[in-house]
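Structure, as structure tokens:
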Amino acid sequence: MKRNGTVERWNDGGNKASSQPSNTPILHHSISPSPRSSHAFTLVELLVVIAIIGILAALVLSGVGAALTRADVGKANAQIADIVNGIRTYYGEYNRWPCADNGSADVTYHAAGANQNAADAQARVINILRSRDTTNNPKKMVFLDVPDNATEGAGSEGFGLVFTREQGFYLDPWGNPYVISMDTDFNNACRVSSVGAGSPDLILTGRQVAVWSWGPKPGDTNVIVMSWK
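Converting from the sequence shown to the numbering used here requires adding 22 to each position, the first position being numbered 1.
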């Protein structure tokens, strides 16, 4: 309907609709985060998280440590086999053992207080096999190759000895000299002295050579790495 130049509109219900814009306010709804989702970790929650991380780290380190120990044991077994083979090859060449004790009671060659000149020093045997002692290896044949990094260092806890390359000791992965026994009295048995504190000598019947390492825990007979087992 047109009145006085103004157009008015009617709705279907017969009521006149306003020609002015509606002043009804528009409500804007916003979603506020709940108090729980916005607050920081509590001290208890942080402690729980830290404890879980600590447990996981301990498990990982334990697994890594065990793997490294297994690798070292495998390395020791391989080096022990090399020593045994070198001794047997020397015997095949000279018909005697690589030591100055042939015909005498079996001797166990070991750290000997890091004194390479001691009668029972392991270095005396190793130096013969490496052709560093040409008196007992006049053909100057090399029966054993020893890695340079296995000839010097500090022994592991339980010995407290320090070894130098010049001495000629062959050290296991834990820094201690391999222990060597040979059937120098030729009675078809190898005597191993004191495998463990206070223990009697071990007689290995039918064996001419025995080589072993104290393993990762010197003094613990449960972790000794032996050529005869």
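C-beta atoms are modelled at their ideal positions from N, C-alpha and C, and glycine is treated no differently. As the structure is a computational prediction, the values presented were derived from the model and not from experiment.
Task: For R229 and G175, the rounded distance between their alpha carbons - done: Numbered from 1 along the sequence shown, position 153 holds the residue referred to as residue 175. Numbered from 1 along the sequence shown, position 207 holds the residue referred to as residue 229. G175 and R229 have their alpha carbons spaced roughly 31 angstroms apart.
Task: Identity of the residue in N158, L193, L78 nearest A122 by Cα - done: Your numbering for residue 122 matches position 100 in the sequence shown. Nearest of N158, L193, L78 to A122, Cα basis: N158.
TODO: Give every residue of the same chain whose Cβ lies closer than 8 angstroms to the Cβ of V184, excluding the five residues on either side of it in the sequence, and list them in chain order.
DONE: If you number the sequence shown from 1, residue 184 lands on position 162. Excluding residues within five positions, the ones whose Cβ falls inside 8 angstroms are A136, G175, A176, G177.
Task: Reduced DSSP secondary structure (H/G/I, E/B, other) of L166 - done: Your numbering for residue 166 matches position 144 in the sequence shown. In the structure shown, L166 falls within a coil segment according to DSSP collapsed to helix, strand and coil.
- [ ] Report back the beta-carbon spacing between N117 and T206 to the nearest angstrom; my notes put them in contact at under 8 angstroms.
- [x] Within the sequence shown, residue 117 is the residue found at index 95, counting from 1. Within the sequence shown, residue 206 is the residue found at index 184, counting from 1. Not confirmed; about 13 angstroms, so no contact.
TODO: Could you tell me how far apart the beta carbons of L193 and T173 are, in whole angstroms, since I believe they sit closer than 8 angstroms?
DONE: Taking the sequence shown and counting its residues from 1, the one referred to as residue 193 is at position 171. Taking the sequence shown and counting its residues from 1, the one referred to as residue 173 is at position 151. 7 angstroms between Cβ atoms; contact.
Open item on the list: Distance check for I77 and I105, CA to CA, integer angstroms please.
Closed with: Position 83 of the sequence shown holds residue 105. Position 55 of the sequence shown holds residue 77. Approximately 42 angstroms, taken between the alpha carbons.
Open item on the list: Could you tell me the alpha carbon to alpha carbon distance between D155 and A141, rounded to whole angstroms?
Closed with: The residue given as residue 155 occupies position 133 in the sequence shown. The residue given as residue 141 occupies position 119 in the sequence shown. Cα to Cα, D155 sits roughly 14 angstroms from A141.
Task: C-alpha gap between K162 and Y131, whole angstroms - done: In the sequence shown, residue 162 corresponds to position 140, counting from 1. In the sequence shown, residue 131 corresponds to position 109, counting from 1. Answer to the nearest angstrom: the Cα atoms are 22 angstroms apart.
Open item on the list: Nearest by alpha-carbon distance to R110: which of V231, K251, A133, V247 is it?
Closed with: In the sequence shown, counting from the first residue as 1, residue 110 sits at position 88. Cα-wise, what sits closest to R110 is V231.
- [ ] Name the two residues that bound the continuous beta strand (DSSP E) containing A232.
- [x] Reading the sequence shown from its first residue, position 210 is the one you call residue 232. Its beta strand (DSSP E) spans residues 231-235.
TODO: Output the boundary residues of the alpha helix (DSSP H) element that contains L151.
DONE: Looking up residue 151 in the sequence shown gives position 129. From DSSP, the alpha helix (DSSP H) with L151 extends over 144-151.
- [ ] My understanding is that F191 touches G108, with C-beta atoms under 8 angstroms, so please give their C-beta distance in whole angstroms.
- [x] Residue 191 sits at position 169 when you count from the first residue of the sequence shown. Residue 108 sits at position 86 when you count from the first residue of the sequence shown. With a Cβ gap of about 15 angstroms, F191 and G108 do not count as contacting.
- [ ] Could you pull the start and end residues of the beta strand (DSSP E) that C255 belongs to?
- [x] There is no way to answer for residue 255, as the model of the chain reaches only from 23 to 251.
- [ ] Using the DSSP secondary-structure output, state which residues sit across from T224 in a beta bridge.
- [x] For the purposes of this step, residue 224 is taken as residue 202 along the sequence shown, with counting starting at 1. The sequence shown places Leu at residue 224, rather than the Thr named in the question. For L224, DSSP records a beta bridge to V214.
- [ ] Run the CB neighbour count on G182, radius 10 Å, all protein chains shown included, and call it buried at 16 or more, exposed below.
- [x] By one-based count along the sequence shown, residue 182 stands at place 160. Looking at its Cβ environment, which holds fewer than 16 other Cβ atoms inside 10 Å, G182 is exposed.
Task: Contact set for V247: own chain, Cβ-Cβ below 7 angstroms, skip 5 residues either direction - done: Taking the first residue of the sequence shown as position 1, residue 247 is located at position 225. For V247, where only same-chain residues beyond five positions count, the Cβ hits under 7 angstroms are V95, A98, N99, I102, W234, S235, G237.
Open item on the list: Given this structure, state the Cα-to-Cα distance separating C212 from Y113, to the nearest angstrom.
Closed with: By one-based count along the sequence shown, residue 212 stands at place 190. By one-based count along the sequence shown, residue 113 stands at place 91. Answer to the nearest angstrom: the Cα atoms are 15 angstroms apart.
TODO: Would you grab the beta carbon distance between Q144 and A133 for me? Rounded to a whole angstrom, and I think it's under 8 angstroms.
DONE: The residue you call residue 144 lines up with position 122 of the sequence shown. The residue you call residue 133 lines up with position 111 of the sequence shown. Confirmed, Cβ separation roughly 7 angstroms.
Task: DSSP three-state assignment for A134, whether helix, strand or coil - done: For the purposes of this step, residue 134 is taken as residue 112 along the sequence shown, with counting starting at 1. The answer is helix: DSSP assigns A134 an H, G or I state.
Open item on the list: In the DSSP assignment, the beta strand (DSSP E) including V201 goes from what residue to what residue?
Closed with: By one-based count along the sequence shown, residue 201 stands at place 179. Start and end: 201-204.
- [ ] Assign V147 to one of two classes, buried (16 or more other C-beta atoms within 10 Å of its C-beta) or exposed (fewer than that).
- [x] Numbered from 1 along the sequence shown, position 125 holds the residue referred to as residue 147. Buried: at least 16 other Cβ atoms inside 10 Å.
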